[in-house]
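Novice: Protein chains in written order, with the numbering used here: chain A, 13 to 222; chain B, 13 to 222; chain C, 13 to 222; chain D, 13 to 222.
Where is the CB? At the ideal position from N, CA and C, for every residue including glycine.
All values reported here derive from a predicted model rather than from experimental measurement.
Please read through the structure below; I'll follow up with questions.
Protein chains: 4
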Amino acid sequence: MDEKDCTNSEHGTDLEHLCSKAAGRPRSESARQAILVAADHLLARDGCGGVTMEAIAVTAGVSKATLYRWWPNKSAVLMEAFVAANGACCAGPDTGDVGADLLRRMRGMTAAFAGAMGVTISGMIAEALADPEAAAVFRAQYLAPRWAEAVDALTRAQKRGQIRAGADLEVAVDALYGAVYFRLLTGHGPLIPEFADALVETLLSGLLEK
Amino acid sequence: MDEKDCTNSEHGTDLEHLCSKAAGRPRSESARQAILVAADHLLARDGCGGVTMEAIAVTAGVSKATLYRWWPNKSAVLMEAFVAANGACCAGPDTGDVGADLLRRMRGMTAAFAGAMGVTISGMIAEALADPEAAAVFRAQYLAPRWAEAVDALTRAQKRGQIRAGADLEVAVDALYGAVYFRLLTGHGPLIPEFADALVETLLSGLLEK
Amino acid sequence: MDEKDCTNSEHGTDLEHLCSKAAGRPRSESARQAILVAADHLLARDGCGGVTMEAIAVTAGVSKATLYRWWPNKSAVLMEAFVAANGACCAGPDTGDVGADLLRRMRGMTAAFAGAMGVTISGMIAEALADPEAAAVFRAQYLAPRWAEAVDALTRAQKRGQIRAGADLEVAVDALYGAVYFRLLTGHGPLIPEFADALVETLLSGLLEK
Amino acid sequence: MDEKDCTNSEHGTDLEHLCSKAAGRPRSESARQAILVAADHLLARDGCGGVTMEAIAVTAGVSKATLYRWWPNKSAVLMEAFVAANGACCAGPDTGDVGADLLRRMRGMTAAFAGAMGVTISGMIAEALADPEAAAVFRAQYLAPRWAEAVDALTRAQKRGQIRAGADLEVAVDALYGAVYFRLLTGHGPLIPEFADALVETLLSGLLEK
DNA sequence: TGATAACCGAGACGGTACGTCCCGTCTTGGG
DNA sequence: CCCAAGACGGGACGTACCGTCTCGGTTATCA
């Protein structure tokens with residue numbers, strides 16, 4: 013982190029030399045990439061519990077010591093591999109129709125969670141539950157951007173007057189996302205498009221009789 | 013399961029002798045209780061990942077073979093210990109005021125999840141994510157009753173005309189519960205009473221501008 | 013050790029039950045034998061430094077945990093394997109001629125040390141130098157019996173009047189054995205029959221001019 | 013070795029330029045000294061097996077690459093550090109009384125071996141047992157001079173007529189030194205002055221009844 | 001007076017073995 | 001037939017050290 017801030021500093025000042033120490037052989041970027049790729053591959057093939065540090069090392073053509081030099085444990089490697097592969101958060105288009113946009117978003121999410129991504133996400137949450145640091149990474153790198161993006165979309169709709177002024181949009185996103193995660197993690201209901209439809213409809217219209 | 017069906021059979025018929033093949037020493041009920049108590053205690057103390065079959069056996073004063081004679085693996089023991097300790101599902105009173113009842117329910121849930129119970133539930137879900145059979149037990153013994161109870165309460169309110177006719181109450185409960193589980197499992201927001209309040213308000217009133 | 017004393021107790025008293033507890037599955041003697049055989053085999057094939065606990069386990073068809081359950085480390089396993097294979101100390105015949113007997117003994121020793129046994133002994137001493145417990149085993153199980161036997165033989169000759177009364181026979185054996193070990197361990201001279209001859213002659217006759 | 017032969021060449025001939033290709037920075041003598049000092053210090057503190065190349069490097073304020081640039085492996089460093097610190101072989105005075113001289117010599121040796129030097133020597137022998145090159149260095153740089161010196165002393169006595177003509181003095185020194193090394197390496201007896209006394213007496217007088 | 005070549009520190013790298021831990025199975029003797 | 005005690009095979013874990021490598025930077029000598 014520190015040296016990244018340093019090298020990325022766009023204003024080359026005299027202070028540069030303070031952090032550009034970097035004595036010794038620099039970290040092998042190729043090894044890092046190979047590890048993340050191997051971890052992601054094994055994650056998809058063997059599931060979260062089936063991945064082994066030894067297997068990652070062998071697959072990546074890397075020594076186990078190198079793994080432990082840069083990541084404290086298996087959770088950390090898997091989590092970084094996951095966010096490296098799934099970090100990008102493609103904001104959907106804002107068509108002006110909050111209902112349609114929300115529907116598209118939630119349908120996409122349920123469809124993804126119903127497939128291979130669902131298995132992977134489950135694994136990452138299991139990992140997060142056992143390791144607070146992994147949890148923090150998952151939250152910051154994967155969850156937060158998507159969540160914020162959804163809140164933003166709702167906020168824009170609210171400013172357009174489509175959503176009532178007093179609504180707590182953050183809690184609303186928790187309810188939308190939470191429902192999907194709930195079904196994913198507990199398996200208590202199917203992740204089908206109709207579920208997304210009903211969920212959006214429920215959130216938008218509310219339960220109370222007018 | 014099999015012999016349970018047998019011993020629990022309330023109708024003592026002539027068929028009894030078919031399953032009451034209890035030649036030999038019967039299962040020690042005291043050992044079973046000691047195991048469940050020990051598992052629950054260790055679960056609370058060491059967290060889910062920290063519990064060991066060996067530790068359960070020693071704490072319960074029981075041999076490891078006895079554990080594996082009656083449960084197929086660690087998840088099963090922990091899950092049964094959990095539902096034995098937390099199985100009862102006390103339905104709250106139905107005061108006739110949906111909003112107040114729902115608020116009470118969700119506040120209770122968030123408060124519980126914010127405490128020791130939250131840690132335990134997290135552990136059980138982690139266990140469920142790694143073991144489908146444990147997941148089934150968790151769902152059937154813990155989750156389903158509470159979920160059904162909540163759906164029932166909303167259904168009664170709907171019949172009373174407090175909730176609009178077309179609302180999908182099952183999805184609504186998924187959203188309510190899901191939001192709380194979401195925060196519990198991802199740690200992405202605090203489990204405070206205000207969260208319960210906002211959640212109920214959002215679900216009841218909906219997001220759309222009237 | 014303790015339970016050995018116990019089971020070997022020839023007088024079956026009431027106290028027997030105190031130590032014949034032996035609860036639990038008894039130690040597998042076949043595993044123990046397989047381990048010692050495997051260790052001895054690997055020792056001969058790969059030399060002392062080349063043996064691996066993992067290799068011993070695999071060769072013996074045994075789990076690594078079983079190794080560490082009964083021996084604290086590699087040295088201990090190797091040492092026990094060594095003494096199990098080379099523990100027997102065949103006392104040579106006492107012909108009544110000290111010189112001849114001594115010569116036969118030292119020639120046999122140098123011949124053995126010049127061959128494969130020399131390599132093995134070197135390894136065991138290296139192991140003993142790094143691990144005091146292994147040293148104690150080597151001393152008690154291998155060295156002491158042979159040394160004592162040699163001292164005894166000299167003592168008998170002394171009683172027969174062939175060796176002068178004041179001679180310190182223990183120190184003499186140290187000199188005889190030490191010289192051979194010295195050449196073995198430092199490689200500073202060859203272990204040939206002539207060396208044994210000269211050594212015995214020197215010790216018997218002494219250096220001083222009469 | 014090569015460049016040592018070169019720099020040590022006392023006869024500065026025209027050939028000098030062949031090996032004095034010292035284009036570039038010359039070897040840092042201070043680093044070399046620091047390494048040997050550090051190795052010797054760690055050897056005394058942690059014992060032979062406890063010394064690490066990394067530790068030597070850090071202690072000497074030197075990089076690991078520098079170690080491996082000048083020595084092929086750990087044994088070589090330790091051995092050179094040992095002989096650098098203990099290479100000098102102070103020949104004792106030749107008083108004309110071979111018995112007294114021998115006694116003084118062996119008493120000094122046992123006393124030294126009973127102390128810190130004994131631990132160090134043990135370590136070097138352990139190292140030598142695992143590495144033939146280290147063994148050669150130990151033999152040539154440490155052992156041989158002392159051994160030769162002792163043989164010389166005995167030879168002088170023999171020429172003076174104090175020792176019988178036919179005695180094999182080399183074997184006698186092996187017996188004297190070997191006995192002390194034997195006790196040091198196997199720990200089978202104490203290294204006390206009385207041992208030196210008895211040893212010398214035994215060797216000088218021999219065992220046979222006259 | 002540079003240029004250049006070998007030095008140096010720092011430290012990451014592949015590799016190998018270590019000793020620990022836990023799982024789920026088994027083998028005893030005893031109730 | 002149950003139970004306690006506890007040994008067993010299996011397999012992943014995280015650590016430690018080895019000897020090699022790549023950096024950026026530092027000297028002496030040669031051109």
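Please list the residues of the region 182 to 201 of chain D that have a C-beta atom closer than 8 Å to any C-beta atom in chain C, keeping them in chain order.
Specialist: Cβ contacts with chain C come from 182, 183, 184, 186, 187, 188, 189, 190, 191, 192, 193, 194, 195, 197, 198, 199, 200, 201.
Novice: So what does DSSP say about residue 175 (chain A), is it helix, strand or coil?
Specialist: Of the three classes helix, strand and coil, the one that applies to residue 175 (chain A) here is strand, per DSSP.
Novice: Measuring CA to CA, which of D:55, D:56, D:144, D:160 is closest to residue 197 (chain C)?
Specialist: Checked all of D:55, D:56, D:144, D:160; the closest Cα to residue 197 (chain C) is D:144.
Novice: Using a beta-carbon distance below 9 Å, is residue 235 (chain C) in contact with chain D?
Specialist: Nothing can be reported for residue 235 (chain C), as the shown portion of chain C is limited to 13 through 222.
Novice: Going residue by residue through the region 76 to 164 of chain A, where are the continuous beta strand (DSSP E) segments of at least 3 residues, counting only ones entirely within it?
Specialist: Counting only runs of 3 or more, we get nothing.
Novice: Mind checking residue 206 (chain C): buried by the 16 CB within 10 Å criterion, or exposed?
Specialist: Exposed.
Novice: Following the continuous alpha helix (DSSP H) through residue 221 (chain B), name the residue where it begins and the one where it ends.
Specialist: Here residue 221 (chain B) belongs to no alpha helix (DSSP H), and DSSP marks it neither H nor E.
Novice: Are the Cβ atoms of residue 211 (chain B) and residue 187 (chain A) separated by less than 9 Å?
Specialist: Yes; because the gap between Cβ atoms is below 9 Å, this pair is in contact.
Novice: Would the region 160 to 178 of chain B count as touching the region 171 to 183 of chain A if we require 3 or more Cβ pairs under 8 Å?
Specialist: With the cut-off at 8 Å, the region 160 to 178 of chain B and the region 171 to 183 of chain A do not touch.
Novice: For the alpha helix (DSSP H) containing residue 190 (chain B), list its first residue and its last residue.
Specialist: Segment 181 to 198, the alpha helix (DSSP H) holding residue 190 (chain B).
Novice: How big is the Cα-Cα spacing for residue 132 (chain D) and residue 178 (chain C)?
Specialist: Using only the alpha carbons, I get a separation of about 35 Å.
Novice: Kindly indicate which residue of A:130, A:115, A:85, A:74 has the alpha-carbon position closest to the one of residue 56 (chain A).
Specialist: Here the closest residue by C-alpha is A:130.
Novice: Indicate whether at least one CB of chain B lies closer than 9 Å to the CB of residue 125 (chain A).
Specialist: Taking Cβ atoms only, chain B never reaches closer than 9 Å to residue 125 (chain A), which makes this a no.
Novice: Pop quiz: residue 154 (chain A) and residue 95 (chain A) are said to be a contact at Cβ under 8 Å. What is the actual Cβ separation, rounded to whole angstroms?
Specialist: 5 Å between Cβ atoms; contact.
Novice: Residue 120 (chain B) and residue 219 (chain A) - do their beta-carbons sit closer together than 9 Å?
Specialist: Not in contact: residue 219 (chain A) and residue 120 (chain B) (Cβ atoms no closer than 9 Å).
Novice: So, at 7 Å on beta carbons, what are the nonlocal neighbours of residue 74 (chain C) in its own chain, with the 5 sequence-adjacent residues on each side left out?
Specialist: Counting only Cβ-Cβ distances below 7 Å, and skipping sequence neighbours, we find 43, 46, 47.
Novice: Report the rounded CA-to-CA distance for residue 176 (chain D) versus residue 127 (chain C), giving the unit in angstroms.
Specialist: Cα to Cα, the separation comes out at about 34 Å.
Novice: What are the start and end residues of the alpha helix (DSSP H) that includes residue 47 (chain B)?
Specialist: Where residue 47 (chain B) is concerned, the enclosing alpha helix (DSSP H) stretches over 41 to 62.
Novice: Residue 138 (chain A) and residue 138 (chain B): beta carbons closer than 9 Å?
Specialist: Against a cut-off of 9 Å, the Cβ pair of residue 138 (chain B) and residue 138 (chain A) comes out as a contact.
Novice: When DSSP labels each residue in this structure, what does residue 205 (chain B) get in the three-state scheme?
Specialist: Three-state result, residue 205 (chain B): helix.
Novice: Please state if the CB of residue 183 (chain D) and the CB of residue 191 (chain C) are separated by a distance shorter than 9 Å.
Specialist: Result yes, Cβ atoms of residue 191 (chain C) and residue 183 (chain D) sit closer than 9 Å.
Novice: Thinking just about the alpha-carbon of each residue, which of B:156, B:193, B:199, B:124 is nearest to the one in residue 149 (chain A)?
Specialist: With distances taken between Cα atoms, residue 149 (chain A) lies closest to B:199.
Novice: Go ahead and pull the three-state DSSP assignment for residue 35 (chain A).
Specialist: The answer is coil: DSSP assigns residue 35 (chain A) none of H, G, I, E or B.
Novice: Spell out whether any CB of chain A is found under 9 Å from the CB atom of residue 27 (chain B).
Specialist: Note on residue 27 (chain B): pLDDT 39, under 50, position unreliable in the model; no value is reported.
Novice: Could you spell out the range, first to last residue, of the alpha helix (DSSP H) harbouring residue 70 (chain A)?
Specialist: Unbroken alpha helix (DSSP H) run through residue 70 (chain A): 65 to 72.
Novice: Measure the CB-CB distance between residue 76 (chain A) and residue 91 (chain A) and report whether it falls below 9 Å.
Specialist: Cβ atoms of residue 76 (chain A) and residue 91 (chain A): not closer than 9 Å.
Novice: Please confirm whether residue 101 (chain B) has its beta-carbon closer than 9 Å to some beta-carbon of chain A.
Specialist: Chain A contact via Cβ: absent.
Novice: If you drop the 5 nearest sequence neighbours on each side, which residues of the same chain put their C-beta closer than 8 Å to that of residue 106 (chain B)?
Specialist: Within the same chain, residue 106 (chain B) has close Cβ partners 113, 165, 168.
Novice: Can you tell which of D:108, D:104, D:52 has the C-alpha that lies nearest to the C-alpha of residue 88 (chain D)?
Specialist: It is D:52 whose Cα lies nearest to the Cα of residue 88 (chain D).
Novice: Cβ of residue 101 (chain D) within 9 Å of Cβ of residue 38 (chain D)?
Specialist: The answer is no: Cβ separation not under 9 Å.
Novice: Kindly say whether residue 134 (chain A), judged by its beta-carbon, lies nearer than 9 Å to any beta-carbon of chain B.
Specialist: Yes, because at least one Cβ of chain B sits closer than 9 Å to the Cβ of residue 134 (chain A).
Novice: Going along chain C in order, which residues have a C-beta closer than 9 Å to the C-beta of residue 45 (chain D)?
Specialist: Within chain C, no residue comes near residue 45 (chain D); the closest Cβ sits about 28 Å away, beyond 9 Å.
Novice: Is it buried or exposed for residue 134 (chain A), if we count other Cβ within 10 angstroms and need 16 for buried?
Specialist: Label assigned to residue 134 (chain A): buried.
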